Amino acid sequence: MNIPLEDLFEDIVGKAQRGLQVSDQDLARRAQLTVEQLRALKQEAGAPDEVPAVAEALGLAPKSLTASYLRSWYPEDVPDIEGLKQFNSSLMEMTVNAYVIWNPETKDAAVFDTGSDAGELLEFINSAGLTAKYLFLTHTHQDHVADLGAIAKRTHAEIFSPSLERLPETKTVREGDQLRLGKLRIEARLTNGHSPGGTSYIVQGLQNPVAVVGDSLFAGSMGGAPNDYQKALRNNVDKLLSLPGDTLICPGHGPMTTVANEREHNPFFAR
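Be aware that the sequence shown starts at 8, since it is given in my numbering, and climbs by one per residue.
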């Protein structure tokens, strides 16, 4: 079963509005629509040919935003590569992701975020004969650290939190820090905006490059950044979408995707 997209049309438009501090009244005026027409669009009851004007008023990609409105896009399946596994757990009305990346030769592993329930993740580590050396946190919002205690107790992994969101009794990572799992190299990149210390981890050495991005970037969207919108956009462009097109994007919510997919289809970045 496919993991649902994190954001639909109304979510994307709302994130752009909050980031740009544009009210419904201002947006309707810029798009030459009535407020009623705009609100109908947000309820998926408007005319699709009105979407491009909304996109242009918010600096979004018209074709991609229209696809979101029509629910006609979902990322192509990413390759199933050895050394990477996604875990999706439920939290109230949403789901949240955690990941395990490991060196297939040594079986040494790194865990990225915890999800709301790390039970399946911990069972996998045990059944696959992996040794969790590191636990990296992309940021410290509760849904991403909810089962930190269980992973710490079961694995004794070294725990790293972003230096700008340091948790007690953890080590910190900063922009440019690198750690290794044998042939695998893990590099921290500061991709904040959604949260003060939001950090992505770029992993080299598997079949494809991998970027574990937390809530910085989603398939077809990005994390909300009402206070640092331009910073969030710039970080995503400069530090994530500049990676090779076959890089696998592992977001904190929603399905995995690729850099190439997001360059072409993400309303915030496609042109």
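Beta carbons are placed, not taken as given, at the ideal position from N, Cα and C, and that holds for glycine.
Since the structure is predicted, the reported quantities are computational estimates derived from the model, not experimental observations.
| field | Selected residue, minimal CA-CA separation from Arg270, among Asn243, Leu65, Gly259 and Asp150 | value | Comparing alpha-carbon positions, the option among Asn243, Leu65, Gly259 and Asp150 lying closest to Arg270 turns out to be Asn243.
| Helix or strand or just coil, what does DSSP make of Arg181? | Correct three-state label for Arg181: coil.
| query | Assuming Ile158 and Thr113 make a contact with CB atoms under 8 Å, what is their CB distance in whole Å? | reply | 20 Å between Cβ atoms; not a contact.
| message | If the criterion is Cβ atoms closer than 8 Å, does the pair Phe225 and Asp84 meet it? | response | No, Cβ-Cβ distance for Phe225 and Asp84 is not below 8 Å.
| field | Through-space distance from His163 to Ser75, alpha-carbon basis | value | Those two C-alpha atoms are separated by around 42 Å.
| Burial state of Gly221 (16 or more Cβ within 10 Å) | Buried, by the Cβ-count rule.
| In terms of residue numbering, what span does the beta strand (DSSP E) encompassing Gly21 cover? | Gly21: not part of any beta strand (DSSP E); member of the alpha helix (DSSP H) spanning Phe16 to Leu27, first to last residue.
| task | Figure out for me which residue from Asp184, Ser168 and Arg192 has the closest Cα to the Cα of Pro203. | result | The residue with the shortest Cα to Cα distance from Pro203 is Ser168.
| query | Tyr76 lies in the alpha helix (DSSP H); which residues open and close that run? | reply | Secondary structure note for Tyr76: its alpha helix (DSSP H) is the uninterrupted segment Pro69 to Leu77.
| task | Output the boundary residues of the beta strand (DSSP E) element that contains Phe143. | result | From DSSP, the beta strand (DSSP E) with Phe143 extends over Thr138 to Phe143.
| request: May I ask you to report which of helix, strand or coil DSSP gives Lys114? | output: Lys114: coil per DSSP, three-state reduction.
| request: Mind checking who Val217 pairs with in its DSSP beta bridge? | output: The partner list for Val217 (beta bridge, DSSP) reads Val210 and Leu255.
| So what's Tyr236 in DSSP terms, helix, strand or just coil? | Note: Tyr236 maps to helix in three-state DSSP.
| Considering only the beta carbon of each residue, do His151 and Val103 sit closer than 8 Å? | His151 places its beta carbon less than 8 Å from that of Val103.
| request: Grab the span of the beta strand (DSSP E) containing Ser134 for me, first residue to last. | output: Run containing Ser134: none in the beta strand (DSSP E); it sits in the alpha helix (DSSP H), Gly126 to Ser134.
| task | Assuming Leu34 contacts Gln24 (C-beta within less than 8 Å), just tell me the rounded distance between them. | result | By a beta-carbon distance limit of 8 Å, Leu34 contacts Gln24. Their separation comes to about 6 Å.
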